[in-house]
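Here the protein sequences line up with chains A and B, keeping their order. Using our numbering, the letters of the first sequence correspond one by one to residues 27 to 500. Using our numbering, the letters of the second sequence correspond one by one to residues 27 to 500. Read through the structure below, which is laid out as structure tokens, and then see the notes.
Number of protein chains: 2
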Amino acid sequence: MSPEDFRSSGHQVVDMIADYLRDIRDLPVLPDVQPGELIDALPAAGPEKGESMDAILADFRKLIVPGITHWNHPRFFAYFSISASGPGILGEMLAAALNVNHMLWKTSPAATELEQVTLGWLRQWLGLPDNFFGIIHDTASTGSLHAILAARELAAPEVRLTGEHPPLTLYASEHAHSSIDRGALAAGIGLENVRHVPSDDEFRMRPDALAAMIEADLAAGRKPFCVVATAGTTSTTSVDHVEDIGVIARRYKLWFHIDAAYAGSAALLEEHRHILDGAAQADSLVMNPHKWLFTPVDLSILYTRRPDVMRRMLSLEEAPPYLQAAEQDRAVNLADYSLALGRRFRSLKLWFVLRYFGREGIAKILRGHMAMARNLARQIAGDSRFEVAAPVVFSLVCFRYRGSDEENRNLLGRINAGGRAFLSGTTLHGKFVLRLAIGNVATSEDDVRQTWEWIRSSVLPATGSPAAEPLNPL
Amino acid sequence: MSPEDFRSSGHQVVDMIADYLRDIRDLPVLPDVQPGELIDALPAAGPEKGESMDAILADFRKLIVPGITHWNHPRFFAYFSISASGPGILGEMLAAALNVNHMLWKTSPAATELEQVTLGWLRQWLGLPDNFFGIIHDTASTGSLHAILAARELAAPEVRLTGEHPPLTLYASEHAHSSIDRGALAAGIGLENVRHVPSDDEFRMRPDALAAMIEADLAAGRKPFCVVATAGTTSTTSVDHVEDIGVIARRYKLWFHIDAAYAGSAALLEEHRHILDGAAQADSLVMNPHKWLFTPVDLSILYTRRPDVMRRMLSLEEAPPYLQAAEQDRAVNLADYSLALGRRFRSLKLWFVLRYFGREGIAKILRGHMAMARNLARQIAGDSRFEVAAPVVFSLVCFRYRGSDEENRNLLGRINAGGRAFLSGTTLHGKFVLRLAIGNVATSEDDVRQTWEWIRSSVLPATGSPAAEPLNPL
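See below:
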């Protein structure tokens with residue numbers, strides 16, 4: 027493709043994107059398609075001859091867009107709501123064109139250093155200490171896997187060479203993300219050795235239960251090595267007692283990892299900074315700008331106080347010759363700290379986002395999301411047919427219809443089938459509840475208000491219920 | 027950022043990219059910067075107030091571009107040469123705007139199914155069997171880690187639950203990529219249990235040596251569980267004897283993984299299809315469209331004949347409730363097969379690339395790269411000061427100046443310092459050699475010819491040599 031052909035198609039694509047962002051509310055959030063529909067619509071074999079970009083873009087509109095779940099829709103309220111903001115998309119465009127792989131400093135000094143600079147800015151805004159080293163991974167799953175591997179390296183350095191594993195045990199809240207279990211699984215810890223610590227009424231890990239489990243494992247001859255606190259659990263965005271857990275981690279010499287993938291962003295606000303009180307004592311922390319910081323997927327940050335351990339846990343006895351690079355002062359080779367050797371230039375979009383919005387702009391949007399969530403919770407509490415099912419800590423509202431799990435599941439199904447909004451569900455205290463997560467940069471008060479109206483109108487009239495019939499005067 | 031502001035900045039960025047692609051040969055491939063230069067040039071703290079996109083883009087031009095190592099430059103010949111082709115960039119632009127996370131089928135049916143369709147097309151072109159299941163990972167390091175974890179699951183299923191590891195041993199060529207060692211390390215195998223099998227004169231793993239090492243480990247009570255063949259080693263692009271290694275893998279019931287990250291693309295050509303003869307018997311195979319298939323980073327494919335094992339190795343005793351999804355016929359939930367829960371819509375750019383070029387177009391470009399490499403090797407062989415240091419199997423030429431390692435390292439340094447081309451080095455048979463890898467979609471015969479001239483002219487004249495002085499007639 028010649029540069030001039032790229033220019034022409036590129037302008038066409040920018041207009042498609044601008045139109046998409048402008049008209050996105052007209053699209054159903056969840057597509058109305060059946061499994062296999064796109065597979066059947068596309069050729070079973072790839073094309074022998076090249077095709078025109080116009081034909082490809084036409085198929086994109088006709089075949090792909092109708093099968094997309096629109097994560098960038100302002101009424102995508104499922105899981106955690108995310109955003110590809112304008113500056114974030116522009117950053118990805120340029121990163122794609124540069125096509126950098128900054129595995130070593132010299133394979134792209136600017137990409138290596140911009141990663142350090144942007145992660146340094148965020149570190150300051152989060153109130154984390156200067157000695158926290160930051161690196162970008164694709165997802166928090168990957169970042170937490172690296173934290174668990176580092177914890178294993180510190181507690182049982184013999185594993186790296188011999189593969190002989192002491193009976194290690196890891197601790198996390200029963201509400202911790204499944205990626206912690208999967209990370210332990212990949213590291214060869216064994217699922218039986220992952221302890222799911224009970225939580226309190228507000229879904230926060232109980233430090234007393236944590237300490238008791240550690241003591242029981244020690245008494246049984248096991249080797250506790252890592253504890254994970256969650257700041258913003260997936261089910262309810264509850265925040266574990268970071269400071270108290272840190273004290274326990276130090277007492278028992280455990281690697282202390284904090285999963286702040288979602289709520290890390292909230293700590294940018296002074297009034298929520300306290301959720302990371304005690305985080306300075308952590309060995310590692312993940313937070314996801316691609317979650318609640320208007321940055322397109324993927325971009326997750328792993329901060330660590332122990333980059334030396336991260337580096338050692340991945341080091342081979344001899345570096346292969348094609349990776350040898352002169353270690354220079356200030357020249358960091360990021361691949362030394364990452365299982366993935368190749369590194370995409372992800373910090374560019376983050377730099378664009380942080381500069382375009384500025385700290386004040388980001389804070390304003392986050393506060394807006396939290397105000398919308400509180401307001402929605404008030405409306406839910408004011409409707410006797412519904413109840414709020416968990417504290418509204420940030421911008422997620424968990425609620426349920428006062429009825430059976432089946433009625434709530436059916437209600438969720440009807441809301442989502444309407445296509446105007448997309449919510450998800452979870453189970454709290456054994457009951458199925460609905461989750462409405464606010465986080466998209468373009469979500470407005472109106473979006474939330476209308477969605478609440480649709481939810482209310484999706485409740486089926488109680489058929490055959492006496493109250494629905496006129497009272498029989500006899 | 028309003029859709030109209032995005033439109034305006036987006037058009038500006040498209041013009042920047044088109045100009046970049048047009049004028050890229052005017053830029054030095056390697057930047058002339060010192061470590062810390064960008065860090066010092068940028069503010070130590072992030073901005074309080076938002077800034078205009080114009081100001082940000084101006085800084086991008088002024089501060090970032092001069093510090094970039096231009097991997098998309100047609101004279102980037104180091105490591106493996108890669109390409110962000112026009113259609114690939116356009117695909118990334120749209121993927122960034124959609125911002126999909128297709129962890130589950132329903133969280134984006136079209137992204138899930140387009141991944142299956144594009145990987146199916148490539149599977150056919152590579153001559154792999156229909157029962158190979160494909161999934162996209164960021165890099166081959168990640169794909170190979172998943173292969174090693176699956177191998178561990180099959181050989182020692184107790185590890186997943188108990189964390190008790192039998193004495194597993196893994197086998198790969200001494201020329202295998204470091205990601206194999208790192209994958210084994212992460213999986214808790216222990217580096218001492220990774221066998222580096224000796225290679226023959228053409229840098230291919232010796233099957234007889236492999237079998238002998240397996241026998242020795244069995245005799246010592248160890249448990250061989252995985253063998254990795256490489257199709258296109260990083261140092262020389264040598265291709266292991268896939269068929270013979272497969273026979274040994276079956277004999278000893280080892281998981282058979284093929285690292286075809288680079289040379290997988292070559293197997294798209296009929297005349298090179300044979301390099302994957304025997305791959306139908308493999309349990310898994312990685313190949314990287316972001317390497318030699320004109321697709322921007324990152325996009326690596328893992329094919330496997332055993333998706334059931336991949337799924338089982340990551341499964342938790344109970345799926346966390348927010349991930350529960352009704353398993354429907356044909357509705358694949360890709361996160362079941364991947365440590366990273368979040369999934370970027372990577373197949374879109376691959377679809378654009380495969381359709382824009384078509385199989386014929388791709389084959390023509392790959393054949394052109396190989397012809398350039400053969401031609402260069404002929405020229406090197408024709409200059410008595412140089413020697414070709416390894417067989418030219420595809421599009422990589424390894425060569426050296428007939429002198430000391432120091433002279434060769436200094437020669438490489440002078441070539442790269444010139445900024446007009448970027449080569450890398452490796453060590454073969456104990457000697458330092460230069461590597462010139464051809465693979466960028468825009469590289470021309472002229473680029474290679476000029477680079478060879480610069481290499482020749484970078485050889486220092488032999489100082490103080492008698493031939494350089496006029497002969498003394500007395």
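Glycine included, every Cβ here is placed at the ideal spot set by N, Cα and C. Predicted model only: the values in this text are computed from it and were never measured.
Chain-ordered chain B contacts of A:T133 [CB-CB under 7 Å]: As a first step, residue 133 of chain A must be located in the first sequence, where it is residue number 107. Neighbours of A:T133 on chain B, chain order: T95.
Proximity test, Cβ basis, 8 Å: A:E296 and chain B: Along the first sequence, read from residue 1 onward, the residue named residue 296 of chain A stands at position 270. No, its Cβ sits nowhere closer than 8 Å to a Cβ of chain B.
Top-ranked residue by Cα proximity to A:V253, from A:N436, A:S264, A:A275 and A:P135: Here the question's residue 253 of chain A lines up with position 227 in the first sequence. Residue A:A275 is the option with its Cα nearest to A:V253.
Interface flag, B:G384 vs chain A, CB-CB below 8 Å: Taking the second sequence and counting its residues from 1, the one referred to as residue 384 of chain B is at position 358. Chain A, which has a Cβ nearer than 8 Å to the Cβ of B:G384, makes this yes.
Within-8 Å CB hit, B:P346 to chain A: Position 320 of the second sequence holds residue 346 of chain B. The pLDDT assigned to B:P346 is 43, lower than 50, so where the model puts this residue is not dependable; a value taken from the coordinates is nonetheless given after this. Answer yes: the Cβ-Cβ gap between B:P346 and chain A drops below 8 Å somewhere.
Interface flag, A:H191 vs chain B, CB-CB below 8 Å: Counting from 1 along the first sequence, the entry for residue 191 of chain A is found at position 165. For A:H191, the answer is yes, since a Cβ of chain B falls inside 8 Å of its Cβ.
Residues that A:E44 contacts on chain B, provided the C-beta gap is smaller than 8 Å: By one-based count along the first sequence, residue 44 of chain A stands at place 18. Note on residue identity: the sequence assigns Ala, not Glu, to residue 44 of chain A. Result: P29, E30, F32, R33 and G36.
Short CB-CB distance (under 8 Å) between B:M239 and chain A: For this step, residue 239 of chain B is matched to residue 213 along the second sequence. Chain A contact via Cβ: absent.
B:K375, enclosing beta strand (DSSP E) - first and last residue: Here residue 375 of chain B is taken as the residue at index 349 of the second sequence, counted from 1. Per DSSP, B:K375 belongs to no beta strand (DSSP E); it is in the alpha helix (DSSP H), S373 to A407.
Own chain, CB closer than 8 Å to A:I271, minus 5 neighbours either side, in chain order: Reading the first sequence from its first residue, position 245 is the one you call residue 271 of chain A. For A:I271, where only same-chain residues beyond five positions count, the Cβ hits under 8 Å are M231, P233, L236, V253, A255, F282 and G304.
CB contact check: B:N401 to chain A, cutoff 8 Å: Counting from 1 along the second sequence, the entry for residue 401 of chain B is found at position 375. By this cut-off, B:N401 is not an interface position.
Assigned secondary structure, A:R13 (DSSP; H/G/I helix, E/B strand, else coil): Nothing about residue 13 of chain A can be reported from this structure: the residues present for chain A run from 27 to 500 only.
Chain-ordered neighbours of B:P73 on chain A, where CB pairs are closer than 8 Å: If you number the second sequence from 1, residue 73 of chain B lands on position 47. By Cβ distance, chain A contributes L380, R381, G384 and R385.
Contact with chain A by B:A352, beta-carbon distance below 8 Å: For the purposes of this step, residue 352 of chain B is identified with residue 326 of the second sequence, where counting begins at 1. Note that B:A352 scores 41 on pLDDT, short of 50, meaning its location in the model is unreliable; the coordinates nonetheless yield the value given after this. Not an interface residue.
Residue ranges of each alpha helix (DSSP H) within the segment 123 to 187 of chain A, 4 or longer: 135 to 151 and 166 to 181
Proximity of B:S364 and B:I206 at Cβ, strictly below 8 Å: Sequence index remark: in the second sequence, residue 364 of chain B carries index 338 (1-based). Sequence index remark: in the second sequence, residue 206 of chain B carries index 180 (1-based). Against a cut-off of 8 Å, the Cβ pair of B:I206 and B:S364 comes out as no contact.
Residue environment, A:S35, which counts as buried when at least 16 other CB atoms sit within 10 Å: To locate residue 35 of chain A, count along the first sequence from 1; it is residue 9. Answer is buried; the Cβ neighbour count reaches 16.
Beta-carbon spacing of A:D362, A:L340 below 8 Å: Taking the first sequence and counting its residues from 1, the one referred to as residue 362 of chain A is at position 336. Taking the first sequence and counting its residues from 1, the one referred to as residue 340 of chain A is at position 314. Yes, these two residues count as a Cβ contact at 8 Å.
C-alpha gap between A:L291 and A:H298, whole angstroms: Along the first sequence, one-based indexing puts residue 291 of chain A at 265. Along the first sequence, one-based indexing puts residue 298 of chain A at 272. Per the sequence presented here, residue 291 of chain A reads as Ser, with Leu not at that position. Computed Cα separation, rounded: 9 Å.
Residue span of the alpha helix (DSSP H) that contains A:S34, given as start and end: On the first sequence, position 8 is the one that residue 34 of chain A refers to. Taken as a continuous stretch (DSSP letters only), the alpha helix (DSSP H) holding A:S34 covers P29 to D49.
Exposed unless 16 or more other CB atoms sit within 10 angstroms - verdict on A:N157: For the purposes of this step, residue 157 of chain A is taken as residue 131 along the first sequence, with counting starting at 1. Under this definition A:N157 is an exposed residue.
6 Å CB neighbourhood of A:F383 in its chain, flanking five on each side removed: On the first sequence, residue 383 of chain A is found 357 positions in, with the first residue counted as 1. None.
Limits of the beta strand (DSSP E) - the one that A:E3 falls within: Outside the modelled stretch of chain A, which goes from 27 to 500, sits residue 3 of chain A, for which no answer is possible.
The segment 190 to 199 of chain A in contact with the segment 370 to 379 of chain A per 3-pair CB rule at 8 Å: no
Inter-stretch contact at 8 Å, needing at least 3 Cβ pairs: the segment 70 to 81 of chain A / the segment 66 to 79 of chain B: no
Beta strand (DSSP E) segments (min. 3 residues) lying fully within the segment 221 to 272 of chain B: 249 to 256
Close Cβ partners of B:V265 (< 7 Å) along its chain, the five nearest in sequence each way excluded: Within the second sequence, the letter at position 239 stands for residue 265 of chain B. R230, A257, G258, A289, I301 and V419.
Beta carbon of A:A447 nearer than 8 Å to that of A:V55: Taking the first sequence and counting its residues from 1, the one referred to as residue 447 of chain A is at position 421. Taking the first sequence and counting its residues from 1, the one referred to as residue 55 of chain A is at position 29. Their beta carbons are under 8 Å apart, which means A:A447 touches A:V55 by this criterion.
CB-CB length for A:P100 against A:S470, believed under 8 Å: For the purposes of this step, residue 100 of chain A is taken as residue 74 along the first sequence, with counting starting at 1. For the purposes of this step, residue 470 of chain A is taken as residue 444 along the first sequence, with counting starting at 1. That pair is a contact at about 7 Å.
Exposure of A:E465, with buried meaning 16 or more beta-carbon neighbours within 10 Å: Counted from its first residue, the first sequence places residue 465 of chain A at position 439. The sequence shown places Gly at residue 465 of chain A, rather than the Glu named in the question. Buried: at least 16 other Cβ atoms inside 10 Å.
CB contact below 8 Å: A:S204 versus chain B: Position 178 of the first sequence, counting from 1, holds the residue named residue 204 of chain A. Chain B, which has a Cβ nearer than 8 Å to the Cβ of A:S204, makes this yes.
is_contact[B:L349, chain A] using C-beta, thresh 8 Å: Walking along the second sequence from the start, residue 349 of chain B turns up at place 323. Caution applies to B:L349, whose pLDDT of 45 falls short of 50 and renders its modelled position unreliable; the value that the coordinates give is listed next. For B:L349, the answer is yes, since a Cβ of chain A falls inside 8 Å of its Cβ.
Beta strand (DSSP E) segment containing B:W281, residue limits: Here residue 281 of chain B corresponds to residue number 255 of the second sequence, with the count starting at 1. B:W281 -> beta strand (DSSP E) spans W281 to D285.
Straight-line Cα distance separating B:E269 from B:T138: Within the second sequence, numbered from 1, the residue matching residue 138 of chain B stands at position 112. Within the second sequence, numbered from 1, the residue matching residue 269 of chain B stands at position 243. Computed Cα separation, rounded: 32 Å.
A:T469, enclosing beta strand (DSSP E) - first and last residue: Here residue 469 of chain A is taken as the residue at index 443 of the first sequence, counted from 1. A:T469 -> no beta strand (DSSP E), and no H or E assigned at all.
DSSP state of A:R461 mapped onto helix, strand, coil: For the purposes of this step, residue 461 of chain A is taken as residue 435 along the first sequence, with counting starting at 1. Residue state, collapsed to three classes: strand.
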